[in-house]
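Q: Heads up: the sequence shown at position 38 corresponds to 44 in the working numbering, and the numbers run straight through without jumps.
Here a beta-carbon is modelled for each residue, glycine too, at the ideal position from N, C-alpha and C.
Take a look at the following structure, please.
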Amino acid sequence: MKRIHMIGIVIVLILLAGAYLFSPISPLNKINFNGETIKLSSGYTVQNSDGNSLTISNGTNVLIIASTNIKSDLEAAVKGYEEKIADNYNVTTSKFEMNNDKDVIKTVAVSKNSTMNITKYWFVKDDTIYEIQTSNAQNGTDDVVRDLINSMK
């Protein structure tokens with residue numbers, strides 16, 4: 007086999023491997039966290055991961071996914087959060103619309119001096135309450151959160 011043919015084959019194999027790694031089915035787009043597999047949205051990468059939380063970012067938007075110690079009672083977890091930060095933040099709570107029947111609660115905490123906003127999305131998965139938090143919510147954050155929640159298997 008000629009040397010030029012071997013170089014061509016190597017180049018084709020490199021291109022195929024690159025296409026696979028950047029495709030939606032790539033193992034690089036998934037991470038295991040707290041026993042759950044989460045598919046990352048396009049453009050997001052893992053910034054930090056430990057036993058209790060996972061931080062992902064697309065360069066401008068940072069999302070922190072964490073499991074809580076509270077089991078199953080979503081309303082109690084949200085109420086406890088509201089009470090804990092009530093002295094410094096005004097919290098609004100709403101039902102977050104999902105494409106399925108999952109219960110997700112969205113809280114937006116605005117500091118009383120209006121310098122900080124913290125948006126959290128609360129949901130239950132396998133009797134564990136999870137929260138996804140961002141302090142710099144942008145257009146499209148709701149869609150990314152929907153994708154993350156729906157991808158948890």
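#1: Quick one: measure Cβ to Cβ for serine 59 and tyrosine 136, integer angstroms, because I've assumed they're closer than 8 Å.
#2: For isoleucine 10, does the three-state DSSP call read helix, strand or coil?
#3: Below 8 Å, how does it come out for the segment 150 to 158 and the segment 91 to 98: are there three or more Cβ pairs, yes or no?
#4: Please state the DSSP three-state secondary structure of isoleucine 17.
#5: At what residues does the alpha helix (DSSP H) containing leucine 80 begin and finish?
#6: Applying the 10 Å Cβ sphere with the 16-neighbour rule, what's the burial state of isoleucine 71?
#7: Helix, strand or coil: which one does DSSP assign to leucine 46?
#8: Between glutamine 53 and isoleucine 62, which are expected to be in contact by the criterion C-beta below 8 Å, what is the C-beta distance as a whole number of angstroms?
#9: Going by the CB atoms, is the gap between serine 48 and isoleucine 37 shorter than 9 Å?
#10: Taking just the CA atoms, how far does asparagine 67 sit from glutamine 144?
A: Here's the rundown:
#1: The residue given as residue 59 occupies position 53 in the sequence shown. The residue given as residue 136 occupies position 130 in the sequence shown. Serine 59 to tyrosine 136, Cβ: 10 Å. No contact.
#2: Here residue 10 corresponds to residue number 4 of the sequence shown, with the count starting at 1. Helix at isoleucine 10.
#3: no
#4: Here the question's residue 17 lines up with position 11 in the sequence shown. In this structure, isoleucine 17 counts as helix in the three-state DSSP scheme.
#5: Along the sequence shown, read from residue 1 onward, the residue named residue 80 stands at position 74. Counting along the chain, the alpha helix (DSSP H) containing leucine 80 begins and ends at 80 to 91.
#6: Taking the sequence shown and counting its residues from 1, one reaches residue 71 at position 65. So isoleucine 71 counts as buried.
#7: As a working mapping, residue 46 is identified with position 40 in the sequence shown. Note: leucine 46 maps to coil in three-state DSSP.
#8: What you label residue 53 is simply residue 47 of the sequence shown in a count that begins at 1. What you label residue 62 is simply residue 56 of the sequence shown in a count that begins at 1. The pair is a contact, with the Cβ atoms about 6 Å apart (cut-off 8 Å).
#9: Working through the sequence shown from its first residue, we reach residue 37 at position 31. Working through the sequence shown from its first residue, we reach residue 48 at position 42. Taking 9 Å as the Cβ cut-off, isoleucine 37 and serine 48 do not qualify as a contacting pair.
#10: Here residue 144 is taken as the residue at index 138 of the sequence shown, counted from 1. Here residue 67 is taken as the residue at index 61 of the sequence shown, counted from 1. One C-alpha to the other measures close to 7 Å.
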